[in-house]
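Residue numbers (our numbering): 14 to 225. C-beta: ideal position from N, C-alpha, C; glycine also.
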Amino acid sequence: MYIPEAFRIDDLRALRALVRAYPLGTLITAGGGGMQASPLPFQLDPAAGPQGALRAHMARANPQLDALRAGEECLVLFHGPQGYVSPSWYPSKRQHHKVVPTWNYAVVQVRGRAAVNENATGLRDLLAELTAEHEARRGPRWSPDEAPPEFLARMAQAIAGIEIAIDTIEGKFKLSQNRDAADRDAVISALESGDDPHRNLELAEWIREFGA
């Protein structure tokens, strides 16, 4: 991933926070079976190994599993907030008109190799952990114990667990860092405006935190 220095984020806590906030990652492999991609919800375990690990599950019928079983390197992309930025928002437009539209976004890229888990006990534990992490945000919480055991066993037969040992993790947060403070503040104001069709409160907050 091309990352200009102005947009590079090295803060590991910020990178991990994006993964946790936007856990649907795109798993990409490019081995003997050609390029393949699968959108999967991931769980990040920062304590697993030197760089941490990503865990998920996918359908056993998914041909991408063959690439993972073969130990091919994989790439996972996580996309955070994103949105259009109009040049008409910049105060500098009124000074010289040397402005163009752009798109702001925050992404994290993870590289590593996956281990495939098709053990019934391991799958049950993985699914329980994934469920608990997301159900923790709401109440009352659903638990796998509420479903009939034979139903869960049948569902588990159709999936495989994966754990990607992270080799590298990189972040590109393109959040108006290349604009001056006046332009950046104007972008935040426009994104927070209820009158603009490109209103985007989440993106505005990320620019406020990381755009300086």
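Through-space distance from residue j to residue i, alpha-carbon basis
i           : j           : result
residue 20  : residue 89  : 19 Å
residue 54  : residue 108 : 46 Å
residue 100 : residue 187 : 16 Å
residue 117 : residue 177 : 28 Å
residue 129 : residue 69  : 10 Å
residue 148 : residue 154 : 5 Å
residue 52  : residue 201 : 30 Å
residue 192 : residue 14  : 22 Å
residue 31  : residue 223 : 12 Å
residue 39  : residue 160 : 29 Å
residue 66  : residue 17  : 26 Å
residue 175 : residue 78  : 9 Å
residue 185 : residue 217 : 16 Å
residue 132 : residue 152 : 30 Å
residue 43  : residue 123 : 15 Å
residue 166 : residue 41  : 28 Å
residue 194 : residue 143 : 41 Å
residue 213 : residue 163 : 45 Å
Presumed contact (8 Å Cβ cut-off) between residue i and residue j, rounded CB distance
i           : j           : result
residue 169 : residue 72  : Contact doesn't hold; Cβ gap of about 12 Å is too wide.
residue 157 : residue 140 : 7 Å
residue 3   : residue 196 : Look at the range of the chain in this structure, 14 to 225, and you will see that residue 3 is not part of it.
residue 96  : residue 204 : 7 Å
residue 59  : residue 82  : Incorrect: roughly 26 Å between the Cβ atoms, too far for contact.
Under the three-state DSSP convention, the category residue i falls into
i           : result
residue 158 : helix
residue 49  : strand
residue 151 : coil
residue 172 : strand
residue 112 : coil
residue 16  : coil
residue 119 : strand
residue 142 : helix
residue 218 : helix
residue 133 : helix
residue 212 : coil
residue 193 : coil
residue 37  : strand
residue 198 : helix
Closest residue to residue i among the options (Cα-Cα distance)
i           : options            : result
residue 76  : 50, 96, 66         : 50
residue 106 : 199, 212, 119      : 199
residue 182 : 125, 45, 81        : 125
residue 134 : 173, 119, 152      : 173
residue 102 : 36, 145, 112       : 112
residue 87  : 131, 146, 48       : 48
residue 27  : 146, 179, 93       : 93
residue 33  : 143, 225, 57       : 57
residue 61  : 179, 206, 110, 115 : 179
residue 146 : 219, 114, 36       : 36
Discussion item. Extract the residue ranges of the alpha helix (DSSP H) inside the segment 55-104, only unbroken runs of 4 or more that lie entirely within it.
Written reply: 77-82
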